[in-house]
Amino acid sequence: MSEEILVNVTPMETRVALVENGVLQEVHIERTLRRGIVGNIYKGKVVRVLPGMQAAFVDIGLERAAFIHASEISNREGPAVEPISALVHEGQALVVQVTKDPIGTKGARLTTHLSVPSRFLVYMPKTPHVGISLKIEEEAERERLKQIVAHCVEQEAIAEPGGFILRTAAEAAREEDILVDIRYVRRLWQQISQQLNSAPSPSVIYEDLPLALRTLRDLTSARIEKVRVDSRETFQKVEQFVHELMPGCEDRLEHYPGERPIFDLYGVEDEIQKAMERKVILKSGGHLVIDQTEAMTTIDVNTGAFVGHRNLGETIFKTNLEAATAIARQLRLRNLGGIIIIDFIDMEDAEHQRQVLRTLEKQLERDHAKTNIIGITELGLVQMTRKRTRESLEQILCEPCPCCSGRGIQKTAESVCYEIFREILREARAYQAEAYMVLASQAVVDRLLDEESGNVADLEVFIERPIRFQVETMYTQEQYDVVPM
1 MSEEILVNVT
11 PMETRVALVE
21 NGVLQEVHIE
31 RTLRRGIVGN
41 IYKGKVVRVL
51 PGMQAAFVDI
61 GLERAAFIHA
71 SEISNREGPA
81 VEPISALVHE
91 GQALVVQVTK
101 DPIGTKGARL
111 TTHLSVPSRF
121 LVYMPKTPHV
131 GISLKIEEEA
141 ERERLKQIVA
151 HCVEQEAIAE
161 PGGFILRTAA
171 EAAREEDILV
181 DIRYVRRLWQ
191 QISQQLNSAP
201 SPSVIYEDLP
211 LALRTLRDLT
221 SARIEKVRVD
231 SRETFQKVEQ
241 FVHELMPGCE
251 DRLEHYPGER
261 PIFDLYGVED
271 EIQKAMERKV
281 ILKSGGHLVI
291 DQTEAMTTID
301 VNTGAFVGHR
311 NLGETIFKTN
321 LEAATAIARQ
331 LRLRNLGGII
341 IIDFIDMEDA
351 EHQRQVLRTL
361 EKQLERDHAK
371 TNIIGITELG
381 LVQMTRKRTR
391 ESLEQILCEP
401 CPCCSGRGIQ
411 KTAESVCYEI
421 FREILREARA
431 YQAEAYMVLA
441 SQAVVDRLLD
451 EESGNVADLE
461 VFIERPIRFQ
471 VETMYTQEQY
481 DVVPM
């Protein structure tokens, strides 16, 4: 399987696309004015302690105070976490790291368990522990990596009680590469430690890498064949970063100087537009309907026009298999997180259910975000979670519709006409006027003068006043005004 990373840079934003076999799988967007803050380390100030929630709000210099739970401060695990009031107090300075960006009305989420990432590992200066990514499954490889880290720590004569977590990218890595990373993260931590002593509260101590470099650090694996960058300046920064931290990858870098935009060349722009739509068409003729809400994301699978060539059970099975693959891709592409409920088409055969779930699990193995399939409910719904750290694609690119306020529906012209009639009756009873002027949208006025003209005439007779109409082109279908003349 061939994978490529495409980096599109403009002064306003940087966009990164991960393409597998010519198909867009992930897209990451970072706006210059709204950079994500996950991974940033701050010296904050506790502004409010909430004993009932076992949590505190911390001012880290952002518009909204950030949130930290007692378990993210305590060194204990499980139910034995100390009360929050025993851990922090108002006005206290606290060194924290952001684990989740502010999303919607919620502030950033924080932890005091600091970590500094590099290509192959994450350094945890306060946690004396060596862990290995669960995605590295082979026991012999896990043991080899543990021994390499132990040898590197001994060789470097590291005295501090820090620890390391080896990332999935460390699989099959050489000892010298891991040693380079260990030296890099410890150097970085020394710089951070020096700043912590003198910095005021609140202030930022360490900012994670910009998107182009962060992508190289986090997404580059043996499967990535090319990294194409369309900006000369960014390409030079990428080259320098790769030279310092990822030697051996230089030959995969390529500057794209073409006239045609790089995202157009690979059809990425079209795919981003499609990722804004509720409906995803499957090749078989079936489709998915994806609804993102505050509480969860729901995905409904429909056969649509697909009737198959065999029996109904086989048709449903084939549609669900195709849907499982498409869903895994859509979760990555749209960066959907939190609780996800999938309503596959009902399958009576238990083996078919098992195969569809297995397909979904297999397709999610390539997902860089942590996913967890909980199982099928009594109603036949698949429950799963996907770790949410940054805003979804929809949250970055869109805002609620000003006409429907995010409901996705609006009142019909007929409903608005009847509201107007009720409003005229209220006005006629409350105020004396010679006539009434109705200001409304084109669709509503058209209906009032056509299908509702008989009702308008009856109303004029009833209130003994004439009613006039005026189209307001700037009004939405639900907006109107009744003005006494």
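Numbering (the UniProt record's numbering), first residue to last: 1 to 485. The C-beta atom is built at its ideal place from N, Cα and C for all residues, glycine as well.
Residue range of the beta strand (DSSP E) that includes residue i
i	result
S203	203–206
F164	163–166
V98	93–100
R468	467–471
A66	66–69
Same chain, Cβ closer than 8 Å to residue i, neighbours up to 5 away in sequence not counted
i	result
L321	Q355, V356, T359
P200	K43
C403	Q410, T476, Q477, E478
P210	T14, E30, R35
A65	V47, R48, F57, V58, D59, G107
A212	V7, V9, T14, V16, V229, T234, K237, V238
Residue range of the unbroken alpha helix (DSSP H) whose run includes residue i
i	result
H151	139–156
Q355	350–364
I29	Note, I29: premise wrong, no alpha helix (DSSP H); beta strand (DSSP E) at 23–31.
E394	393–397
D343	Segment 338–343 is the beta strand (DSSP E) holding D343; no alpha helix (DSSP H) there.
A55	First-last for A55: 55–59, but that is the beta strand (DSSP E), not the alpha helix (DSSP H).
Q191	175–198
V461	453–463
residue 498	Past the edges of the chain, shown from 1 to 485, lies residue 498, and the structure says nothing about it.
Under the three-state DSSP convention, the category residue i falls into
i	result
residue 506	Residue 506 is absent from the structure shown; the chain starts at 1 and stops at 485.
I136	coil
M384	strand
E259	coil
A108	coil
residue 486	What is shown of the chain runs 1 to 485, which leaves residue 486 out entirely.
G52	helix
V280	strand
G375	strand
P79	helix
Q273	helix
I73	coil
D446	helix
C417	helix
Q479	coil
K237	helix
With 16 other Cβ atoms within 10 Å as the buried cut-off, status of residue i
i	result
A295	exposed
A80	exposed
M485	exposed
P125	buried
E233	exposed
K100	buried
Q292	buried
E72	buried
Y431	exposed
F344	buried
C401	exposed
F67	buried
A457	exposed
L312	exposed
Sequence-distant residues of its chain with Cβ nearer than 7 Å to residue i (five each side left out)
i	result
K226	E4, R252, E254
E171	I136, E141
R214	D208
E460	P466, I467
I205	I41, Y42, K43, I192, Q195, L196, A199
F241	L213, L216
DSSP bridge partner residues for residue i (one or two, in chain order)
i	result
P117	V122
V16	V7, H28
P484	Y436
I302	The displayed chain sequence assigns Asn, not Ile, to residue 302. N302 is bridged to H287.
G44	L94
E254	R228
H129	Answer is none; H129 lacks a bridge partner.
I103	K106
Sequence-distant residues of the same chain with beta carbon closer than 6 Å to residue i, five excluded per side
i	result
V185	V116, S118, Y123
V483	M437
I262	L6, N8, D230, Y256
Q273	none
I165	V122, G131
D367	R332
L179	C152
D218	none
T127	G163
E271	L24
E175	I148
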